[in-house]
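*Asks:* Here's a structure for you.
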Amino acid sequence: MHILLSNDDGYNAPGLMALQEAIAHIAQVTIVAPDRNRSGASNSLTLHRPVRCHRMAEHVYATDGTPTDCVHIALTALLEQPPDMVVSGVNAGANLGDDVIYSGTVAAAMEGRFLGLPAMAVSLASHTPTHFATAARVAQTLVRRLQTEPLPADTILNVNVPDRPWEQLQGYAASRLSRRHRTAPVIADHDPRGLPIYWIGPVANMEEADPGTDSHAVNHGLVSITPVHVDLTRYEALDRIAGWLA
Ligand code: MN
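Each residue of the sequence shown is one higher than the one before, counting from 30 in the working numbering.
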């Protein structure tokens with residue numbers, strides 16, 4: 030098995046190192062990841078300049094593009110043989126609920142799925158992420174499972190792992206995405222030349238963490254696994270829109 034690893038925290042982030050160590054036990058590993066922190070990059074592609082790719086070590090590449098660029102370039106140009114799977118992470122921080130819309134970690138997995146491969150995003154749910162090895166071991170377990178039980182087409186797994194030692198995990202839960210409060214206002218200030226600047230602050234707390242949600246699972250020490258697909262169509266509203274048009 031050959032697995033492509035990527036992330037949005039940068040090619041030398043501790044979560045990616047832990048993931049590499051765990052997955053290397055069960056597969057050949059290639060890393061193609063951003064050369065810096067690109068958290069919040071979502072599914073953006075770099076279109077208005079070329080993307081540079083540097084070989085940092087054997088089977089480790091860093092690009093000056095986004096996470097989506099990295100996976101796209103790896104699968105369409107860099108790798109001689111297509112890998113069997115794409116695993117993104119381990120992100121330093123949760124990707125719960127509405128986070129998946131902004132997440133570069135999830136986007137890297139999505140790009141793998143768009144290009145036809147099984148894919149999973151793994152995040153360590155903590156503001157002070159510590160136990161990356163726990164999340165990497167979860168990823169290793171799930172890779173083995175995906176090998177024998179493939180997901181439906183167009184589906185990726187969004188996995189969030191509580192930040193604690195492996196022995197203290199309470200189990201696994203299949204979860205739906207939760208919802209956040211409206212995010213906090215941006216910080217408005219002025220630069221040294223008196224021009225206005227704006228700095229987007231941290232995300233808001235979870236508005237909803239009911240049983241069955243990813244937030245609820247992680248809050249109770251469970252590994253949350255959410256199957257995610259990309260079709261954003263609100264099918265229930267199609268008839269209503271058709272009614273307007275009539
Ligand atoms: Mn990140």
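Ideal placement from N, C-alpha and C gives every residue a C-beta, glycine not left out.
Quick one: grab the DSSP three-state call for S244.
*Replies:* Counting from 1 along the sequence shown, the entry for residue 244 is found at position 215. Under the three-state reduction of DSSP, S244 is assigned to helix.
*Asks:* Whose C-alpha, out of R209, G200, N124, R222, is nearest the C-alpha of E237?
*Replies:* Sequence index remark: in the sequence shown, residue 237 carries index 208 (1-based). When only C-alpha atoms are compared, the closest one is R209.
*Asks:* Pull the bridge partners of S35 from the DSSP assignment, please.
*Replies:* On the sequence shown, residue 35 is found 6 positions in, with the first residue counted as 1. In the DSSP output, where bridge partners are listed per residue, S35 has S117.
*Asks:* Taking DSSP as the reference, what is the three-state secondary structure of I185?
*Replies:* Start at 1 with the first residue of the sequence shown, and residue 185 comes out as number 156. Three-state result, I185: strand.
*Asks:* Whose C-alpha, out of D239, S155, D98, H31, is nearest the C-alpha of A62?
*Replies:* Numbered from 1 along the sequence shown, position 33 holds the residue referred to as residue 62. A62 has its Cα closest to that of D98, out of D239, S155, D98, H31.
*Asks:* Following a CB-centred definition, is A121 positioned closer than 7 Å to any heavy atom of the ligand MN?
*Replies:* Here residue 121 is taken as the residue at index 92 of the sequence shown, counted from 1. Yes, the ligand MN has a heavy atom inside 7 Å of this Cβ.
*Asks:* Measure how close the beta-carbons of V129 and V257 come, nearest whole angstrom, since I'm counting them as under 8 Å.
*Replies:* For the purposes of this step, residue 129 is taken as the residue at position 100 of the sequence shown. For the purposes of this step, residue 257 is taken as the residue at position 228 of the sequence shown. Rounded, the Cβ-Cβ distance is 6 Å, consistent with contact.
*Asks:* Just checking my contact of N66 with D38 at CB under 8 Å: how many whole Å lie between their CB atoms?
*Replies:* By one-based count along the sequence shown, residue 66 stands at place 37. By one-based count along the sequence shown, residue 38 stands at place 9. Contact flag correct, Cβ pair sits at about 6 Å.
*Asks:* Who pairs with R209 in a beta bridge, going by DSSP?
*Replies:* Taking the sequence shown and counting its residues from 1, the one referred to as residue 209 is at position 180. Paired residue(s): M235.
*Asks:* Beta carbon of Q49, beta carbon of M30: below 8 Å?
*Replies:* As a first step, residue 49 is located in the sequence shown; it is residue number 20 there, counting from the start. As a first step, residue 30 is located in the sequence shown; it is residue number 1 there, counting from the start. Against a cut-off of 8 Å, the Cβ pair of M30 and Q49 comes out as no contact.
*Asks:* Take every Cβ of the stretch 220-233, pair it with every Cβ of the stretch 183-203, and state whether three or more of those distances are shorter than 8 Å.
*Replies:* Too few Cβ pairs lie closer than 8 Å, so no.
*Asks:* Secondary structure at Q176, three-state DSSP: helix, strand or coil?
*Replies:* Here the question's residue 176 lines up with position 147 in the sequence shown. Helix.
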